[in-house]
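Just below is one structure, and these are the notes that go with it.
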Amino acid sequence: MAGYDFTAIERKWQDYWAEHRTFEVPNPGQAGFADKPKFYVLDMFPYPSGAGLHVGHPEGYTATDILARYMRMQGRNVLHPMGYDAFGLPAEQYAVEHGVHPRVTTERNIANIERQIKMFGFSYDWSRRVATTEPGYYQWTQWIFLQLFHSWYDPEADAARPIGELEHKLQRGQLMVDLGGNLVPPPATQRIEAIAGQPVGIYSWHQLTPEQRRGVLDNQRLAYQAEVPVNWCPALGTVLANEEVTNEGRSERGNHPVYRRPLRQWMLRITAYAERLEQDLAQVDWPEPVKMMQRNWIGRSTGAEVDFPLQSVADDEWFKGRSDDGFAPQPEDEVIRVYTTRPDTLFGATYMVLAPEHPLVERITTDGQRPAVEAYVQAAVHKSELERTAESKTKTGVFTGAYAVNPVTRQPIPVWVADYVMMGYGTGAIMAVPAHDSRDLEFARAFNLPVVQVVAPPAGEQWEGFIGDGTAVNSGPYDGLATPQFKQRITDDLERQGLGRGAVNYKLRDWLFSRQRYWGEPFPIIHCDTCGTVAVPEDQLPLVLPEMEDFTPSTSDDPDALPSPPLAKATDWVRTTCPACGEPARRELNTMPQWAGSCWYYLRYLDPHNRQRFVDPAVERYWMDGMGVDLYVGGAEHAVLHLLYARFWHKVLFDLGHVHTPEPFGKLFNQGMIRSFAYRDSRGVYVGYDQIDFREDGAYHRLTGEKLIESVEKMSKSLKNVVNPDEVIAQYGADTFRLYEMFMGPLEASKPWNTRDVPGVHRFLHRVWRMLMGSEDAAALLGESADDAVERALHRTIRKVGADVEAMRFNTAISAMMEFVNAVYKAGALSRDQAERFVQVLAPFAPHLAEELWRHLGHDASLAHEPWPRYDEAMTREATIELPVQINGKIRTRLSVAPDASQEEILAAALAEPRVAEQTAGKTIVKKIVIPGRLVNIVVK
RNA sequence: GCCGGAGUGGCGGAACGGCAGACGCGCGGGUUUCAAAAACCCGUCUGGGUAACCAGGUGAGGGUUCGAUUCCCUCCUCCGGCACCA
273 MAGYDFTAIE RKWQDYWAEH RTFEVPNPGQ AGFADKPKFY VLDMFPYPSG AGLHVGHPEG
333 YTATDILARY MRMQGRNVLH PMGYDAFGLP AEQYAVEHGV HPRVTTERNI ANIERQIKMF
393 GFSYDWSRRV ATTEPGYYQW TQWIFLQLFH SWYDPEADAA RPIGELEHKL QRGQLMVDLG
453 GNLVPPPATQ RIEAIAGQPV GIYSWHQLTP EQRRGVLDNQ RLAYQAEVPV NWCPALGTVL
513 ANEEVTNEGR SERGNHPVYR RPLRQWMLRI TAYAERLEQD LAQVDWPEPV KMMQRNWIGR
573 STGAEVDFPL QSVADDEWFK GRSDDGFAPQ PEDEVIRVYT TRPDTLFGAT YMVLAPEHPL
633 VERITTDGQR PAVEAYVQAA VHKSELERTA ESKTKTGVFT GAYAVNPVTR QPIPVWVADY
693 VMMGYGTGAI MAVPAHDSRD LEFARAFNLP VVQVVAPPAG EQWEGFIGDG TAVNSGPYDG
753 LATPQFKQRI TDDLERQGLG RGAVNYKLRD WLFSRQRYWG EPFPIIHCDT CGTVAVPEDQ
813 LPLVLPEMED FTPSTSDDPD ALPSPPLAKA TDWVRTTCPA CGEPARRELN TMPQWAGSCW
873 YYLRYLDPHN RQRFVDPAVE RYWMDGMGVD LYVGGAEHAV LHLLYARFWH KVLFDLGHVH
933 TPEPFGKLFN QGMIRSFAYR DSRGVYVGYD QIDFREDGAY HRLTGEKLIE SVEKMSKSLK
993 NVVNPDEVIA QYGADTFRLY EMFMGPLEAS KPWNTRDVPG VHRFLHRVWR MLMGSEDAAA
1053 LLGESADDAV ERALHRTIRK VGADVEAMRF NTAISAMMEF VNAVYKAGAL SRDQAERFVQ
1113 VLAPFAPHLA EELWRHLGHD ASLAHEPWPR YDEAMTREAT IELPVQINGK IRTRLSVAPD
1173 ASQEEILAAA LAEPRVAEQT AGKTIVKKIV IPGRLVNIVV K
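See the structure below:
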């Protein structure tokens, strides 16, 4: 008998699957398509880094592979694809340092990582492989960008609509434009103009010049350009996303200084989708922590906007005018509009604060205060937001010299400038209620501003700094109201008086979408002196990234240097003609961020070779039926950004009719991080595993003999605790690797890799092999007789493994299979028929071994599409079961009964037990509890 | 600071409110062997007892319940996320 030669077996079956295209699945309309229910199971595709796979990648991939193989056996059409997220800064950095083109390194890395992935025997449909860097792929990334560019968010429809519809509305006068270029409803009456006595700054479409019209439309697109404060890293020559900047205000890559600079950049209007991104989380089956993180990121809060008039204008007349006119839709020069979540504390607002960037600062600052204010604003603007928060321990600020009037107390209150107020949130101005806001209190204490109590806390709590709900005091007619009621009442009253209204705010900001890099998708945009910003026509896509010898960004130590994207050097490529007017024009020089390609790859897998469309509608309808991807597995590090960006794009595509589900990923699962033991000596120097003697009582340094300190850490080179999957597979095989990672613990838990545990599951596979194939020392247990206990154990195993796989409890599924094999060894035999069913159950976990055994059992074809074995509920029970009998909750004896015994029978049997009689003698039985199939509890007194 | 998640043998971890520690590692003993590896069998929470058995035990303290690792409250520790968001 041959031994279990996993190396040969695994190679053989991987070749077989590739040759027979076992896992390729046709689309509707293609040859061989069977009309069956679908299952779309997706992995987060990897970034092909030079380091290759670490043991964390295959953890999620194994889990999805088990599901994919199980679902195939359940008769589903399974879509299980893999690809590469291959644009990005690391490849470009490496290329610059080594003088190799990023395409070369990317292709090399993909080849290596694919070799590694294939070693595990995952059942991917490799014919659907994509890489975000292929022109045939990024053609459609560019196409989706153009959909964003050609759309605006129509608040009436609560959806994205073609920009042409907006133009139409403007032409017909259904919308107008104010001085700031914002859309406004047409004035209800002529009265407003009459009161003002001069133009009120609202224009109709026909009053605008062609350039102005273009500006208005450009300003409403979902992809638009705007001057925004960005993280500018001159040493890297690019702007960076917040997540690419460290807490110290330096670049994650290279540790270079990063500066906050207002620069004109491409933005995506994700904020228009804030409400729907928040609301629709209720429709998806995602881990609650991930939903929480997204809700947090979106940061929805409810409150009110309130106008505080400047003292110079706020006479009785002004207040009267407001109650006649109502709350104007846009802020005016004479009021400071604030957003607050606590309108009930309005009576306690004793001063106001403007963000340093607030446009009113310059207007209202008095001459006496101007030098101080200007110095403060200059300093604040030059700090990064990180610096501003890092120095948050002490509050700073300057008085503007101006006063505003509290709209309810009608008292003048001072207006300050301070950097603890952010221009990017709310209105960039706050009413400060030091009594009931800890930041305001800190500020008030620092600058000796008055603190007025307006909320009475529950008994026993200090009012100063109390921020919870309580009862109103010092609030005139509202005294005695509970906080929630007060909020509602005063919001209604302010609205009636034209001084405020209920409002919803979000922390979410628009998405900075451009990078000054070479290795990314070029924007399909052309700049024309006469026509402005013009889209590249769709039939000219893909706009291919130009081949360049020198793709290094221009870097600098000078914080004031301006970004100069590498594409600027491709002068022939940049020079083009305007698609609209045919005059000479220039291409956009920025490229898209790495997130772009990963925002929609799950859709391209559906139809990866389609040259006419990004995905065929019928194909999309089939595979995305229900709520899109049926199972999406990946690490929690993408809980916010990737998953939020992808949901956003999907919703835009949904609004425009290109996909038919409102959400892309119906079910999401986060695998836990695999960490590993790290060892360091008394000086804190980390020691690699090859330098360690593992003894019974701990780890010792092989050379010095010193006992080492053990800890569980993230795998990292510097901690010398990285486990390389290639080595584990070489030693134990892919089936063992898969089984080990699934057996370590719950998939969602973070858990330490322990190489010493790997032989345990390897031993199990050996036992399975010997059970059916025998060994030199022992014959196989395979026979013709079917043992009843084994048969019952098998039914239980089939049920348990099926249920566990569906619930993604792979660790206990494997335990159940181990128990079955132990039972077979105990019984000493199993029939061919039992062996076949067991091999089918094992197949999703250890597919190579299962295929080999399946063949040995006399089958010619792969078992990948065999049906999952059935079980009989009656056969999952033992012939007799043991029930514990408790007296007062303590087990005193056990009872053997038939599994279907009635409550009365069980109770009678229990009371007949000598141990029970002994324990209850001389006592009264007050209660008898019988849970059939569980236990008996007799309560005595 | 705020929001999540988790604390169970020497280790990884099991337990619809119902036999705590399944399964695996490690360890101890045995069978086999010239020997070793491998394999197979037995044991392995703690204390007491030859044993049957008794007592204690799931981070700490309280509560609900016939019964709590599981549900509720307070606290401690660790991990993850956000962080002047008005």
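Position one of the first sequence corresponds to residue 273 (this note's numbering), numbered consecutively onward.
For every residue, glycine included, the Cβ atom is placed at its ideal position computed from N, Cα and C.
In this model, L1207 and S1174 are separated by some 12 Å (Cα to Cα). By the CB criterion at 8 Å, R1166 and L1183 fall outside the cutoff. Distance from the CA of G324 to the CA of G360, rounded to the nearest whole angstrom, comes to 16 Å. CA-CA distance, R486 to G804, rounds to 8 Å. A residue is called buried once 16 or more other Cβ atoms fall within 10 Å of its Cβ, and G1194, having fewer, is exposed. In terms of Cβ geometry, N491 and R532 do not form a close pair [threshold 8 Å]. In the DSSP assignment, Q497 falls within the unbroken beta strand (DSSP E) covering A495 to C505. Rounded to the nearest whole angstrom, the C-alpha separation of M896 and H932 is 8 Å. Taking 8 Å as the cut-off, the beta carbon of F886 is found no closer than this to the beta carbon of L903.
A residue is called buried once 16 or more other Cβ atoms fall within 10 Å of its Cβ, and C505 is buried on that count.
In the DSSP assignment, F311 falls within the beta strand (DSSP E) that extends over K310 to D315. Take L916, set aside five residues on each side of it, and the residues of its chain with a beta-carbon closer than 7 Å to its own are L549, Q566 and W569, in chain order. One alpha carbon belongs to V723, the other to F619, and they sit about 11 Å apart. For Q1003, the uninterrupted alpha helix (DSSP H) run begins and ends at P997 to Y1004, by DSSP. Taking 8 Å as the cut-off, the beta carbon of Y356 is found no closer than this to the beta carbon of G322. The beta carbon of I1201 sits closer than 6 Å to the beta carbons of N1209 from its chain, once the five residues preceding and following it are set aside; these are given in chain order. The three-state reading of DSSP puts Y877 in coil, since its state is none of H, G, I, E or B. Around the beta carbon of N1094, fewer than 16 other beta carbons sit within 10 angstroms, so the residue counts as exposed.
Our two residues, D430 and K923, have alpha carbons roughly 11 Å apart in a direct line. Here the stretch 761-768 does not lie against the stretch 838-848, with fewer than 3 beta-carbon pairs under 8 Å apart. Inclusion of G900 and N942 in the CB contact set at 8 Å is not warranted, their separation being larger than that value. The C-alpha of R955 lies about 19 Å from the C-alpha of D962. For W845, the three-state secondary structure derived from DSSP is helix. Short of 6 Å from the beta carbon of P615, and not among the five residues preceding or following it, lie these beta carbons of its own chain, in chain order: A576, K759, I762 and T763.
Your pair I1086 and F1015 checks out as a contact, with CB atoms roughly 5 Å apart and the cut at 8 Å.
Judged by pairs of C-beta atoms under 8 Å, the stretch 407-414 touches the stretch 803-818, as three or more such pairs exist. Secondary structure note for L1066: its alpha helix (DSSP H) is the uninterrupted segment D1060 to E1078.
Within the same chain, Cβ atoms closer than 6 Å to the Cβ of R858 are found at H799 and V846, the five residues on either side in sequence being excluded.
Per DSSP, W538 is not a residue of any alpha helix (DSSP H); the beta strand (DSSP E) it occupies stretches across Y531 to L540.
Here A1058 really is in contact with Q1106; their C-beta atoms are around 6 Å apart, less than 8 Å.
Here the alpha carbons of P318 and V1033 stand approximately 27 Å from one another. When C-beta atoms of the stretch 829-839 are compared with those of the stretch 788-797, three or more pairs fall below 8 Å, so the two segments count as touching. Selection V994, P1139, N720 and F937 evaluated against A1115 yields P1139 as nearest (Cα-Cα). A direct Cα-to-Cα measurement between V511 and P529 gives close to 12 Å.
For the set N746, G944 and V984, the Cα lying nearest the Cα of R952 is the one of V984.
For A1107, the uninterrupted alpha helix (DSSP H) segment begins and ends at R1104 to L1114.
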